[in-house]
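Numbering (our numbering), first residue to last: 414 to 1217.
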């Protein structure tokens, strides 16, 4: 495998670096030697001259006293001898001794062969007796030839010695470089020439260089090789990935279902894919093989002006812009195209298009379904509200027009579904739709709001008289018999009416007013219609305040139980009581249940109230039990509590917690509660009965009073409604009816409790009929728990007294 060019270049650079480094060391050594020799010669010369001056000065010092005598006495002979003695020194060339008045001696050694222009040594001579008195001077001239010869000899010797030393040092340095630097680097260079980093080959660290700079250099070179190899591999991978990505891009671009295109800021298209061409029926190539010149604005847009705005918006924004555009293709209908545009720089825009015609159709269908009732095909609540909003906005814009809003509720429709099944109910609703449609005009709006509620907008009708006529037609139409499986069924309707704009200026208010009017019609017994008036709002506000007060009463424990004694007519003793809820209102005093139970039922608060009263009843039973009183207690149960509001497990847990026998607690329900949801009611009653709790059927005789229900449901006791007992007289229908109920109950093995016993005659008649139990004002009104003991004493005395 051939060596990578970069590794070869690195080897040559390393080899060149080695040669240049060696030459640089030698040149540096030579230059340093020359500088050292020159400096040594100069220093030696200076030192020799200084030594010569010092020797001559010392020579004068030895003769200074004799010179002082010779000059003081002006002895030329002595001066001559002194001069001759000084000339015996080879460094002295001439001597001159003189006084202030005459020359005592002037002597030169041999003929002059050199320059005498060098510096002379002069010294003043003072009297040997007075050191302050100058008596002469001496001038000593050194011999430059002798001195220079001596200096040259010393300089030469020093240069030779220094050169030898520098040569040895240079040799040692070069040798060390060759052994410890040049050879390892040379070996590294040779190895680098042959090394193939891509095959995993790496430089070996020279021996004894594991911790040296050369070893670190090898580590760095190997790391560089690793990075170079990695970079080459990454480059190769990126190149291959780029080729793959480019193929993928072209594959996606050519085979994408969405139309893809590029264009400039003027809308001129530079490229597009086949899907784009199919969307607009464009040829992919012109006659000369190139894409045809095309501007996006030339495409068959239904509104071409939209394209200009979309282009400008995409150029101004950093994010993609999207818009649904209509296309009108020649020879075909309109279709919808969703376009997404994004500026990709340099005034170039990238776009994606796809056909959303089916989506638009689905959206339109979904919008229609969202406002349509599937069963009847009428508008639903949302559709009615949308139409109301449109009418209100039209009125706000023109201040003209008006309409009447009718809410129609089929009275007792629920019993159709429960008694005959949902298909029968659906058939009646469809028939009702046809009848209502026949009662209104084509420009009116008819809607089904919920199971048995319809809404009608009578357009351009604002007078009560006109509404009365239409409402009368609707009432008569609904009163006509319905036939299901050949059986006739009669229905009635409660209708609430609100007029726009007199009864409200917005949709929520109008719907609320019509609902209040419809509720008023239902409260009046149904089969009638009521126009909204402000008194209905006041009544609704009172109900709202009542609901708020009920919630507060639950939090503040304002509900209490009153107890009405129940008498065992067989044993003539007090056997228990019925627990009746009362409300101790902080400002209104004691409130009877008829004033708040219906609202509690409607709002669901009766569930929480029922659980609170159950606990109070269990506490009272536990109290009687601790007092040794064998009393039973019955408690009314609402239909809203069955089955989830009062689960059997809760009853069992409550009885266990207070240590009472379930057989001492009876649950009173009405026929309507059982028939509300027969399957759920039956499951709940069976579970309660299996736990040992007794079940009383309250107000018997006022509802359906079907024997089949008595056989189906696990009932222990029938309670005859007080309305029959109160009006009971010998020979009356009520007397006969009560006797029949008692006889029927006894035959079915059920106990009978007669409510509403107010007279002795009532008690006597019930005893003759064989009634088991009785309760009523004859014995006592319902009383709070703290008064029950006194009532029990009075009742016991009443029962013990002889009967008239």
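All C-beta atoms, glycine included, are put in the ideal place defined by N, C-alpha and C.
Can you confirm whether the segment 1021-1037 touches the segment 961-975 when touching is taken to mean that 3 or more C-beta pairs between the two stretches lie within less than 8 Å? Yes, the segment 961-975 touches the segment 1021-1037.
Cβ-Cβ distance between residue 553 and residue 534 below 8 Å: In this structure, residue 553 sits near residue 534, with a CB-CB distance shorter than 8 Å.
From the DSSP output, which residues share a beta bridge with residue 981? Per DSSP, 986, 1186.
Nearest-angstrom Cα separation, counted from residue 1107 out to residue 1083: Taking the straight line from one Cα to the other gives about 14 Å.
Which class does residue 475 belong to by DSSP, given the choice of helix, strand or coil? Looking at residue 475 - three-state DSSP - the assignment turns out to be helix.
Report the residue ranges of all beta strand (DSSP E) runs contained in full by the segment 601-645; include only those spanning at least 3 residues, in chain order. If we require 3 residues or more, the segment 601-645 turns out to have no beta strand (DSSP E) run fully inside it.
Closest by C-alpha distance to residue 856, when choosing among 848, 1197, 867, 873: Looking at the Cα atoms, 873 is the closest of the given residues.
Looking at the unbroken beta strand (DSSP E) that takes in residue 1132, where does it start and where does it end? Residue 1132 -> beta strand (DSSP E) spans 1130-1133.
Does the count of Cβ pairs from the segment 733-747 and the segment 709-722 closer than 8 Å reach three? Verdict: yes, contact present.
Pull up the distance between the alpha-carbon of residue 1049 and that of residue 781, whole angstroms please. Here the alpha carbon of residue 1049 sits roughly 48 Å from the alpha carbon of residue 781.
Straight-line gap, residue 1204 to residue 973 (C-alpha atoms, nearest Å): Straight-line Cα distance between these residues: approximately 18 Å.
Secondary structure of residue 467, DSSP reduced to three states: Helix, per DSSP.
Cβ pair count under 8 Å reaching 3, the segment 938-947 against the segment 904-922: Touching, per the Cβ criterion.
Taking the C-alpha atoms as reference points, what is the distance between residue 975 and residue 1085? Rounded to whole angstroms, residue 975 to residue 1085 spans 24 Å at the Cα level.
Can you tell which of 764, 994, 982 has its C-alpha closest to the C-alpha of residue 1198? Of the residues 764, 994, 982, the one whose Cα lies closest to the Cα of residue 1198 is 994.
Roughly how many angstroms separate the alpha carbons of residue 1055 and residue 1091, rounded to a whole number? Each residue's CA atom was taken as its position, placing residue 1055 and residue 1091 some 11 Å apart.
In terms of alpha-carbon separation, which member of 850, 938, 924, 844 lies closest to residue 895? When only C-alpha atoms are compared, the closest one is 844.
Determine the closest residue to residue 1171 out of 1163, 1139, 706, 1078, with distance taken between C-alpha atoms. The candidate whose alpha carbon is nearest that of residue 1171 is 1139.
Taking Cβ to Cβ, would you say residue 1045 is nearer than 8 Å to residue 1077? Contact flag set, yes.
Pull up the DSSP beta-bridge partners for residue 907, would you. Among the bridge pairs identified by DSSP, residue 907 is matched with 822, 941.
What are the start and end residues of the alpha helix (DSSP H) that includes residue 518? Note, residue 518: premise wrong, no alpha helix (DSSP H); beta strand (DSSP E) at 516-521.
Are the segment 1125-1145 and the segment 1095-1114 in contact at 8 Å, needing three or more beta carbon pairs? Yes: at least three Cβ pairs fall under 8 Å.
How many angstroms separate the CA atom of residue 490 from the CA atom of residue 568? Rounded to the nearest angstrom, the two C-alpha atoms are 41 Å apart.
Would you check if the distance between the CB atom of residue 929 and the CB atom of residue 906 is smaller than 8 Å? The beta carbons of residue 929 and residue 906 sit no closer together than 8 Å.
For the putative contact between residue 820 and residue 868, defined by C-beta atoms under 8 Å, what is the C-beta separation to the nearest angstrom? Between residue 868 and residue 820 the Cβ distance is about 6 Å, and since that is below 8 Å, they are a contact.
Shortest alpha-carbon distance to residue 1069 belongs to which of 1098, 1042, 1034, 1051? Cα-wise, what sits closest to residue 1069 is 1034.
Which of the three DSSP states is assigned to residue 838 in this structure? In this structure, residue 838 counts as helix in the three-state DSSP scheme.
Contact check, residue 865 vs residue 835, beta carbons under 8 Å: Cβ distance not < 8 Å, so residue 865 and residue 835 don't count as in contact.
How many angstroms separate the CA atom of residue 880 from the CA atom of residue 926? Residue 880 and residue 926: Cα-Cα distance of roughly 16 Å.
Span of the beta strand (DSSP E), counted from its first residue to its last, around residue 796: Premise fails: residue 796 lies in the alpha helix (DSSP H), 794-811, not in any beta strand (DSSP E).
Rounded C-alpha distance that separates residue 1152 from residue 1164: Distance between the alpha carbons of residue 1152 and residue 1164: 13 Å.
List in chain order: all unbroken alpha helix (DSSP H) runs of 4+ residues lying wholly within the segment 520-600. For the segment 520-600, whole alpha helix (DSSP H) runs of length 4 or above, ordered along the chain, are 557-590.
What is the DSSP secondary structure of residue 701, counted as helix, strand or coil? Legend: pLDDT at residue 701 = 49, less than 50; position of this residue unreliable, value from coordinates given subsequently. In the structure shown, residue 701 adopts coil according to DSSP, grouped into three states.
Output needed for residue 465: all residues of its chain with C-beta closer than 7 Å, excluding positions within five of it in sequence on either side, in chain order. Excluding positions up to five away in sequence, the list reads 504, 555, 560.
Kindly confirm or deny that the segment 450-463 and the segment 589-603 touch, where touching means at least three C-beta pairs closer than 8 Å. Fewer than three beta-carbon pairs drawn from the segment 450-463 and the segment 589-603 are found closer than 8 Å, and the two stretches are therefore not classed as touching.
Residue 1176 versus residue 1201 - alpha carbon distance: Looking at the two C-alpha atoms, the distance is approximately 21 Å.
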